[in-house]
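One line per chain: the protein sequences are C and Y, in this order. Residue 2 is where the first sequence starts when you use the working numbering, and the numbers rise one by one after that. Residue 99 is where the second sequence starts when you use the working numbering, and the numbers rise one by one after that.
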Amino acid sequence: MVEPAPMLRALLILPLAGVIFNAFFGDRAGRRAVSLVAPGVIGVAFLVAVFSFFRLTGLEEGGALADRLFSWIPAGRIQLDAGLRLDALSAVMALIVTGVGFLIHVYSVGYMAHDPDYARYFTYLNLFMLSMLTLVLADSIVLFFVGWEGVGLCSYLLIGFWYENDENASAGKKAFIVNRVGDAGFLLGVFLLFWSLGRHDVWTLDFSGFREHASLLTPELATAIGLLLFVGATGKSAQIPLYVWLPDAMAGPTPVSALIHAATMVTAGVYMIARMHFVYDLAPDALAVVASVGAATAVFAASIGLVQTDIKKVLAYSTISQLGYMFLGVGVGAYASGVFHLMTHAFFKGLLFLGAGSVIHGMEGEQDIRRMGGLAAKMPVTFWTFAVACAAIAGVPLFAGFFSKDAILFHAFQRSPVLWAIGVLGAGLTAFYMFRLLFLTFLGESRVDPHVHVHESPPSMTVPLVVLAVLSVIGGWVGLPEVFGPDVFGEFLAPVVGAAEHGEASHALEIGLMAVSVAAAAGGIGLAYAFYLARPELPADLAARFRGLHRLLLDKYRIDQLYDAVIVQPLAGLAHFLWRFVDTLLIDGAVNGVGAFVRAQSITWRVLQTGNVQHYALTFLIGVAVLIGVLLVR
Amino acid sequence: MEGHLLSALVFSPLVGAVALGVVGGTDARAIGRTALAFAFVPFVLSLLVLADFDPARGDFQMLERADWIPDFGVQYLVGIDGVSLFLVVLTTLLTVLVVIFSAGDVTRRLKEYMVMMLVLETGMLGTLVALDLFLFYVFWEVMLVPMYLLIGIWGGTRRIYAAVKFALYTMAGSLLMLVAILYLGWLHREAYGSWSFDLLRLYDLSIPAGVELWLFAAFALAFAIKVPLFPLHTWLPDAHVEAPTGGSVILAGVLLKMGTYGFLRFALPLFPHAAAAAAPTMMALAVVGIVYGALVAMVQPDLKKLVAYSSVSHLGFVMLGLFAANVEAVEGAVYQMLSHGLSTGALFLAVGVIYSRRHTREIAAFGGLWKVVPLYSVFLLLAMLSSAGLPGLNGFVGEFLILIGAFGRHPMFAAPAVLGMILGAVYLTWMYQRVIFGPLRHEENRALPDLTGREIAAFAPLIVLFFWMGVYPRPLLVRIEPSVKSIVERIERVRPPASTASEMARVGRPSSARPGAER
Chain C
2 MVEPAPMLRA LLILPLAGVI FNAFFGDRAG RRAVSLVAPG VIGVAFLVAV FSFFRLTGLE
62 EGGALADRLF SWIPAGRIQL DAGLRLDALS AVMALIVTGV GFLIHVYSVG YMAHDPDYAR
122 YFTYLNLFML SMLTLVLADS IVLFFVGWEG VGLCSYLLIG FWYENDENAS AGKKAFIVNR
182 VGDAGFLLGV FLLFWSLGRH DVWTLDFSGF REHASLLTPE LATAIGLLLF VGATGKSAQI
242 PLYVWLPDAM AGPTPVSALI HAATMVTAGV YMIARMHFVY DLAPDALAVV ASVGAATAVF
302 AASIGLVQTD IKKVLAYSTI SQLGYMFLGV GVGAYASGVF HLMTHAFFKG LLFLGAGSVI
362 HGMEGEQDIR RMGGLAAKMP VTFWTFAVAC AAIAGVPLFA GFFSKDAILF HAFQRSPVLW
422 AIGVLGAGLT AFYMFRLLFL TFLGESRVDP HVHVHESPPS MTVPLVVLAV LSVIGGWVGL
482 PEVFGPDVFG EFLAPVVGAA EHGEASHALE IGLMAVSVAA AAGGIGLAYA FYLARPELPA
542 DLAARFRGLH RLLLDKYRID QLYDAVIVQP LAGLAHFLWR FVDTLLIDGA VNGVGAFVRA
602 QSITWRVLQT GNVQHYALTF LIGVAVLIGV LLVR
Chain Y
99 MEGHLLSALV FSPLVGAVAL GVVGGTDARA IGRTALAFAF VPFVLSLLVL ADFDPARGDF
159 QMLERADWIP DFGVQYLVGI DGVSLFLVVL TTLLTVLVVI FSAGDVTRRL KEYMVMMLVL
219 ETGMLGTLVA LDLFLFYVFW EVMLVPMYLL IGIWGGTRRI YAAVKFALYT MAGSLLMLVA
279 ILYLGWLHRE AYGSWSFDLL RLYDLSIPAG VELWLFAAFA LAFAIKVPLF PLHTWLPDAH
339 VEAPTGGSVI LAGVLLKMGT YGFLRFALPL FPHAAAAAAP TMMALAVVGI VYGALVAMVQ
399 PDLKKLVAYS SVSHLGFVML GLFAANVEAV EGAVYQMLSH GLSTGALFLA VGVIYSRRHT
459 REIAAFGGLW KVVPLYSVFL LLAMLSSAGL PGLNGFVGEF LILIGAFGRH PMFAAPAVLG
519 MILGAVYLTW MYQRVIFGPL RHEENRALPD LTGREIAAFA PLIVLFFWMG VYPRPLLVRI
579 EPSVKSIVER IERVRPPAST ASEMARVGRP SSARPGAER
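In structure tokens form, the structure reads like this:
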């Protein structure tokens with residue numbers, strides 16, 4: 002049942018109003034006005050999302066709210082409306098986006114308080130919310146793409162927010178371009194899907210239309226479409242091979258990293274696959290690729306995270322790794338589990354980034370954990386909330402991440418024990434590097450520069466931390482494993498994404514698998530304790546013994562250098578060759594050659610045009626003589 | 099007046115030009131104001147045409163017909179349809195904006211400059227509404243002269259070379275077209291006993307198969323040079339670099355579209371068999387142009403050259419859409435013509451702004467401009483995003499329709515064309531970074547003044563249209579579609595719709611479902 006709900010458009014109009022206000026009047030209206038309006042509109046949007054959510058739960062199972070805005074692109078067989086749709090999946094996303102988004106807006110008021118470009122910052126941030134909500138609520142894949150590109154634009158603008166630093170600007174550009182590579186694949190997937198259904202005289206670009214007619218696709222087409230769409234997901238959600246932009250994206254202000262590059266935008270690829278699950282259900286091969294790429298990325302990024310010394314870089318690789326888990330989840334057909342992890346990750350990773358921001362703020366800009374240590378006493382709220390988030394991401398039982406990661410690993414085991422084993426390995430690594438970060442930053446000896454006056458952050462920053470910390474604890478309780486109780490979350494999403502088969506797994510197996518992942522987490526935490534608190538000299542020893550490996554990890558496997566050598570430089574070389582040689586010498590040379598040839602001929606033959614009548618008469622005479630001669634000879 | 103709206107529209111700039119030449123005076127401000135008033139008249143008239151236009155009709159409206167050279171069947175025949183409608187409005191709008199901008203930009207012989215602009219406008223409008231081939235040819239050549247003079251008189255240091263190259267190149271193409279036009283008139287006489295250049299009659303002329311290909315080639319050469327289609331594009335960067343800002347805006351904004359318009363109005367529907375035969379070649383050249391133009395744009399050190407090569411790339415999309423020849427792609431192509439006119443016009447204006455302040459267009463001479471000229475930076479950002487086809491702005495709608503349409507016809511051409519979208523992001527964001535972001539690299543730029551009121555007045559309408567055309571394209575699309583449909587039907591009559599099934603079979607397993615459901 003689809004119920005018309007014009008209030009959905011408020012979710013777009015509110016942030017749009019914020020954008021317009023901040024862009025045109027922000028500087029004149031002053032900081033106080035901006036501080037009120039920018040978070041205010043998002044707060045109201047959150048209330049609208051909550052209200053819509055309850056209206057949705059009042060409908061029968063599988064219902065949705067819809068709001069058709071206007072006829073957008075009518076052209077031939079393409080009849081596109083701009084329309085919004087709130088079903089269980091988009092409701093969850095809308096709640097996460099507006100909820101976490103609101104907290105981060107509030108936090109930004111404190112974090113950006115001294116920035117001269119305050120209004121510009123909130124213009125971008127509101128614009129991001131507008132784009133992200135468009136992405137989440139779109140009822141057609143083209144409007145979805147508008148949001149998809151829109152969040153990419155905001156990411157570009159916000160990474161390069163402090164544009165006077167060339168590196169920031171380059172990082173923004175890199176993000177935009179790498180995402181475009183993914184988008185190209187995504188668009189081809191959309192085209193192929195459109196025309197594949199068109200073969201059966203079904204002309205649609207709406208998600209509901211796709212869903213209704215997906216069964217018309219052959220497995221081969223579904224596989225091709227699924228893989229092409231996934232190319233887009235690897236860009237937006239930073240998976241192998243297109244993840245390279247995300248670590249650089251940390252150049253942006255830290256609340257931006259929390260909102261865009263951890264909690265919301267980067268999860269859009271996971272959302273997309275859950276949204277298009279009916280295509281993937283027909284394409285086991287495509288799903289296998291999704292799961293494998295996810296698992297590989299999870300371990301690969303985690304291994305880089307082991308040795309990073311920039312607090313935000315550790316979190317960036319951690320985000321890539323956690324996104325890998327989400328893709329592992331959706332890739333084994335457990336769409337609800339993937340989205341579940343998306344939600345808990347939004348809580349604890351948002352919290353981690355905001356905590357890192359609080360540390361950076363309190364340390365007056367320092368980001369290197371080698372110059373931190375012992376901050377717990379001076380920043381108690383930041384420390385305790387950060388510790389909660391670490392427990393959540395490491396999978397300590399009863400914290401949010403435990404349930405969501407466990408759900409993914411459980412379903413992965415059903416599909417393939419190898420994928421499960423990789424996942425467990427990644428979980429151990431995660432526990433290790435996160436507690437390494439926690440210990441090095443907050444505990445142990447202080448390595449802080451004595452000139453730095455460390456201080457706890459203002460309430461506008463710590464209150465969001467506390468709220469997210471609470472969510473990082475209880476957020477997982479809505480999706481309990483079968484052995485413990487009802488999976489409310491999974492049941493809520495089931496009408497949209499289907500329920501993952503539970504298989505024949507016994508409760509004993511469920512508990513056994515759980516025990517293994519708890520052991521992995523405990524091992525990781527214990528190792529981190531041994532390395533960084535008990536015997537701090539150990540890491541240096543190890544690094545010295547395995548110098549090559551350590552170097553390789555520090556250099557992030559030199560993938561950036563590889564891309565530069567294999568793609569960027571050859572492309573630039575080709576472009577120069579085309580310009581200097583093909584365009585200037587060959588093509589234009591030929592054009593000017595024609596001109597020169599004509600000119601040269603004219604100069605040669607000009608000799609004949611003397612202007613002297615006698616010469617012409619002579620020539621004429623010769624001509625006549627020759628003609629007569631020819632005629633006579635014939 | 100009602101029955102002669104189109105004629106009034108076409109000749110009002112010419113009247114304005116004469117009047118300006120006679121009464122213009124010498125005071126620059128007065129000339130600017132008078133010229134603006136004269137540029138406004140055709141703009142308002144074009145809005146009246148828009149208001150009178152019946153969106154439901156796919157044929158020509160507001161026809162005016164009179165004998166001109168009766169012995170040879172040459173008529174004064176003008177009319178408008180959904181394809182030319184918005185191109186006409188684009189022309190009158192861009193002329194107004196160029197007049198506003200140039201009044202503050204051109205420092206010598208302002209009156210003559212404005213006169214040339216207005217004469218040029220009559221040429222462009224006439225080309226767009228002429229439905230008699232001979233009349234079309236006359237207007238087509240009329241466009242050449244003022245643009246030649248604009249480049250040659252108000253241009254940069256190599257202006258003579260550029261102007262001559264522009265004129266010779268274009269004329270070389272159009273002379274063959276003239277021969278083909280005359281031949282068509284003669285064919286009409288062979289068939290019906292009298293000469294005629296009436297497009298509506300010539301559409302139904304049956305042309306011998308061997309001849310058709312040659313006639314198509316003659317038209318296609320003239321239009322392909324104008325577009326410009328790779329590899330006939332090398333006049334464009336030179337012309338742009340030397341042309342004054344206003345000239346570049348009109349050249350890229352309107353004149354290039356005369357090439358693609360010519361294909362759609364004449365070459366495709368007059369010679370459908372030949373066009374179908376040539377389609378794979380033309381689409382291949384279009385795709386090469388898309389990628390090639392983008393790559394070469396990427397490494398240009400000169401801003402204007404960068405924008406010029408980006409036009410080669412963008413017009414490649416239009417050509418791809420036209421020769422894909424289904425309703426979606428062709429509609430997208432028409433939309434992209436309009437959209438490109440706005441975004442490239444905006445980019446050239448933007449280049450003009452900093453050129454007028456610094457007298458250089460070298461990208462390396464800038465950097466870190468945001469702090470100095472924030473308003474300008476925002477404007478350039480929007481122009482750049484619009485050109486990059488960001489969804490929500492004008493560029494996306496056309497590109498999307500072209501690509502999805504072309505994919506249905508020939509996936510193997512649409513797939514590499516998507517590369518153009520990636521490369522477009524590369525050269526535009528890289529350019530933007532080097533000009534606007536980073537630290538202020540040159541002391542000379544520290545005191546650059548931000549946009550003047552006059553410049554804002556020239557930019558603002560473009561920005562509004564960026565958003566409008568991206569968010570609510572429907573009012574345009576519904577007026578374009580019936581005409582596109584009738585042209586596509588004319589082409590399809592001889593070319594059976596390429597079954598999408600045959601294309602799909604390469605990708606997927608042949609299915610048992612009925613194939614070729616394309617309408």
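Ideal Cβ placement from N, Cα and C applies to all residues, glycine included.
Original post:
What are the uninterrupted segments assigned as alpha helix (DSSP H) that are 4 or more residues long and contained completely in the region 216–242 of chain C, given in chain order?
Top reply: 220–237
Subject >> C-beta atoms of residue 118 of chain Y and residue 194 of chain Y nearer than 8 Å >> reply: In this structure, residue 194 of chain Y does not lie closer than 8 Å to residue 118 of chain Y by Cβ.
Subject >> Whole alpha helix (DSSP H) elements within the region 348–423 of chain C, 4-residue minimum >> reply: 381–395 and 401–416
Original post:
Does the beta-carbon of residue 503 of chain Y have 16 or more other beta-carbons within 10 angstroms, so that it is buried, or is it exposed?
Top reply: buried
Original post:
Going along the chain, which residues of its own chain have a beta-carbon closer than 6 Å to the beta-carbon of residue 15 of chain C, five neighbours each way excluded?
Top reply: 42, 45 and 46
**OP:** Would you give the residue range spanned by the beta strand (DSSP E) that residue 162 of chain Y belongs to?
**Re:** 159–167
Original post:
Span of the beta strand (DSSP E) holding residue 244 of chain C?
Top reply: Careful: residue 244 of chain C lies outside any beta strand (DSSP E) and carries neither H nor E.
Subject >> Reference residue 210 of chain Y; option with closest CA among Y/177, Y/122, Y/151 and Y/568 >> reply: Considering only alpha carbons, the answer is Y/122.
Original post:
What is the DSSP secondary structure of residue 75 of chain C, reduced to helix, strand or coil?
Top reply: In this structure, residue 75 of chain C counts as strand in the three-state DSSP scheme.
Original post:
Are there three or more Cβ pairs, one per stretch, closer than 8 Å when the region 410–425 of chain C is compared with the region 65–78 of chain C?
Top reply: no
Subject >> Distance CB(residue 134 of chain C)-CB(residue 13 of chain C) smaller than 8 Å >> reply: In contact: residue 134 of chain C and residue 13 of chain C (Cβ atoms closer than 8 Å).
**OP:** Answer yes or no: does any C-beta atom of chain Y fall closer than 8 Å to that of residue 450 of chain C?
**Re:** no
Original post:
By the criterion of Cβ-Cβ separation under 8 Å, what are the contact partners of residue 570 of chain Y in chain C?
Top reply: 71 and 73
Original post:
How about residue 511 of chain C: is its C-beta nearer than 8 Å to some C-beta of chain Y?
Top reply: no
Subject >> For residue 162 of chain C and residue 454 of chain Y, the rounded distance between their alpha carbons >> reply: 28 Å
Original post:
Does the beta carbon of residue 281 of chain C come closer than 8 Å to any beta carbon on chain Y?
Top reply: no
**OP:** Would you mind listing the alpha helix (DSSP H) stretches within the region 445–505 of chain Y that are 4+ residues and don't spill past its ends, in chain order?
**Re:** List check, alpha helix (DSSP H) in window: 472–485.
**OP:** Could you name the residues that DSSP lists as bridge partners for residue 243 of chain Y?
**Re:** In DSSP, residue 243 of chain Y forms no bridge with anything.
Subject >> Neighbourhood of residue 251 of chain C by C-beta, 7 Å cutoff - its chain only, sequence neighbours within 5 removed >> reply: 258, 313, 314 and 317
Subject >> Option nearest residue 294 of chain C by Cα separation, candidates C/274, C/241, C/345 and C/338 >> reply: C/241
**OP:** Would you check if the region 409–418 of chain Y and the region 313–321 of chain Y touch, i.e. whether three or more CB-CB distances between them fall below 8 Å?
**Re:** Too few Cβ pairs lie closer than 8 Å, so no.
**OP:** Flag residue 153 of chain Y as yes if its beta-carbon sits less than 8 Å from any beta-carbon of chain C, otherwise no.
**Re:** Closer than 8 Å: no.
Original post:
Buried or exposed: where does residue 52 of chain C fall if 16 or more other Cβ atoms within 10 Å of its Cβ makes it buried?
Top reply: exposed
Original post:
For residue 80 of chain C, which beta-bridge partners are listed by DSSP?
Top reply: C/75
**OP:** Verify the CB distance criterion: does residue 390 of chain Y have a CB-CB separation below 8 Å to chain C?
**Re:** Nearest CB-CB separation between residue 390 of chain Y and chain C: below the 8 Å threshold.
Subject >> Assigned secondary structure, residue 174 of chain Y (DSSP; H/G/I helix, E/B strand, else coil) >> reply: strand
**OP:** Please name the residue, chosen from C/27, C/244 and C/333, that lies closest to residue 499 of chain C on a Cα-to-Cα basis.
**Re:** C/333
Original post:
Helix, strand or coil: how does DSSP classify residue 304 of chain Y here?
Top reply: coil
Subject >> Residue nearest to residue 592 of chain Y in terms of C-alpha spacing, selected from Y/547, Y/307 and Y/580 >> reply: Y/307
**OP:** Taking all protein chains shown into account, decide if residue 284 of chain Y is buried (16 or more other Cβ within 10 angstroms of its Cβ) or exposed.
**Re:** exposed
**OP:** Anything in the region 325–357 of chain C with a Cβ closer than 8 Å to a Cβ of chain Y? List those residues in chain order, please.
**Re:** Contact residues of the region 325–357 of chain C toward chain Y are absent (C-beta to C-beta distance below 8 Å).
Original post:
Span of the beta strand (DSSP E) holding residue 5 of chain C?
Top reply: 3–5
Subject >> Under 8 Å from the C-beta of residue 430 of chain Y: neighbouring residues of chain C >> reply: 76
**OP:** For residue 396 of chain Y, return the contacting residues in chain C, with the cut-off set at a CB-CB distance below 7 Å.
**Re:** 576
Original post:
Taking all protein chains shown into account, do 16 or more other C-beta atoms lie within 10 angstroms of the C-beta of residue 546 of chain C, making it buried, or fewer, making it exposed?
Top reply: Of the other Cβ atoms in all chains shown, fewer than 16 fall within 10 Å of the Cβ of residue 546 of chain C; this residue is therefore exposed.
Original post:
DSSP state of residue 167 of chain C, grouped into three classes?
Top reply: helix
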